[in-house]
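Peer 1:
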């Protein structure tokens, strides 16, 4: 717990709204400790890139009432998989998220389907699903979901979309705000 407090002190901006813990080998145990910390309550932007976090850590964060003020969450290069995407999608504590980075997290079409069915992630304006095995079906789920109606930016680099995926995005009634 002392290590997490020291990392937070180092990574927390002066105004207490931005916390960057990229590449700190936080792992699930560390994220669980962070999720229990009241210091997280003032954080609006949390970056946890490349920290060996899995579903268990993401689930702890998603269940934490201390995460209710988060507006952006960067989980890039952590192997959270579909179970992590489900945990995020089911969390009322993350309803304020406007930006979610899931690049390289092992999310597939199943995870996108869960996110698209979320009753809580309707505020998302930016979603990064690059470098995941999404398939055309996953992109079709994304394009057909009203949960993503507020998306302005969609990042899907190095993802196989195929013609059907591109067509689904282009013809989507749900992604009309994309820039």
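Residue numbers (the numbering used here): 886 to 1064. All C-beta atoms, glycine included, are put in the ideal place defined by N, C-alpha and C. This structure is a prediction, so every number in the text was calculated from the model and none was measured.
#1: For a minimum of 3 consecutive residues, which ranges assigned as the beta strand (DSSP E) are wholly contained in the stretch 921 to 1005?
#2: To the nearest angstrom, report how far apart residue 893 and residue 962 are at their CA atoms.
#3: Smallest Cα separation from residue 905: which of 919, 917, 911, 932?
#4: Identify whether residue 1011 lies in helix, strand or coil by the three-state DSSP scheme.
#5: According to DSSP, which residues form a beta bridge with residue 905?
#6: Should residue 886 and residue 918 be called a contact, given that it needs their Cβ atoms to be closer than 8 Å?
#7: Return the CA-CA distance between residue 916 and residue 971, expressed in angstroms with no decimal places.
#8: Taking residue 1038 as part of the beta strand (DSSP E), name the residues at either end of that continuous run.
#9: Mind checking residue 923: buried by the 16 CB within 10 Å criterion, or exposed?
#10: Identify whether residue 1056 lies in helix, strand or coil by the three-state DSSP scheme.
#11: Alpha carbons only, please: which of 959, 990, 951 is nearest the one belonging to residue 983?
#12: Would you mind working out which of 939, 889, 1047 sits nearest residue 992, comparing C-alpha positions?
#13: Within 10 angstroms of the Cβ of residue 1065, are there 16 or more other Cβ atoms? Answer buried if so, exposed if not.
#14: Can you tell me whether residue 913 is buried or exposed? The criterion is at least 16 other CB atoms within 10 Å of its CB, across all chains shown.
#15: Would you check if the distance between the CB atom of residue 1028 and the CB atom of residue 1057 is smaller than 8 Å?
#16: For residue 1000, which residues in the same chain have their Cβ closer than 6 Å to its Cβ, ignoring the five residues on either side in sequence?
#17: Output the distance between the C-alpha atoms of residue 1024 and residue 928, rounded to the nearest integer angstrom.
#18: Consult DSSP for residue 916 and reduce its assignment to one of helix, strand or coil.
Peer 2: Once the coordinates are examined:
#1: 930 to 932, 957 to 959, 984 to 986
#2: Translated into positions along the chain shown, residue 893 becomes position 8. Translated into positions along the chain shown, residue 962 becomes position 77. One C-alpha to the other measures close to 20 Å.
#3: Residue mapping note: residue 905 aligns to position 20 of the chain shown, counting from 1. With distances taken between Cα atoms, residue 905 lies closest to 932.
#4: Position 126 of the chain shown holds residue 1011. Reduced to three states, the DSSP call for residue 1011 is strand.
#5: Counting from one through the chain shown, the residue named residue 905 turns up at place 20. In DSSP, residue 905 forms a bridge with 932.
#6: Counted from its first residue, the chain shown places residue 886 at position 1. Counted from its first residue, the chain shown places residue 918 at position 33. For residue 886 and residue 918, yes; Cβs fall inside 8 Å.
#7: On the chain shown, residue 916 is found 31 positions in, with the first residue counted as 1. On the chain shown, residue 971 is found 86 positions in, with the first residue counted as 1. About 17 Å.
#8: The residue labelled residue 1038 in the question sits at position 153 within the chain shown. Note, residue 1038: beta strand (DSSP E), 1038 to 1040.
#9: Translated into the one-based positions of the chain shown, residue 923 becomes position 38. Exposed.
#10: If you number the chain shown from 1, residue 1056 lands on position 171. Residue 1056: helix per DSSP, three-state reduction.
#11: Looking up residue 983 in the chain shown gives position 98. Residue 983 has its Cα closest to that of 959, out of 959, 990, 951.
#12: Taking the chain shown and counting its residues from 1, one reaches residue 992 at position 107. The option with the nearest alpha carbon to residue 992 is 939.
#13: The structure shown has nothing for residue 1065, since the chain only spans 886 to 1064.
#14: As a working mapping, residue 913 is identified with position 28 in the chain shown. Burial call: buried.
#15: Position 143 of the chain shown, counting from 1, holds the residue named residue 1028. Position 172 of the chain shown, counting from 1, holds the residue named residue 1057. Result yes, Cβ atoms of residue 1028 and residue 1057 sit closer than 8 Å.
#16: Here residue 1000 refers to the residue found at position 115 of the chain shown. The residues are 970, 974.
#17: Along the chain shown, read from residue 1 onward, the residue named residue 1024 stands at position 139. Along the chain shown, read from residue 1 onward, the residue named residue 928 stands at position 43. Between residue 1024 and residue 928, the C-alpha separation is close to 31 Å.
#18: Stepping through the chain shown from its first residue, residue 916 is reached at position 31. Looking at residue 916 - three-state DSSP - the assignment turns out to be helix.
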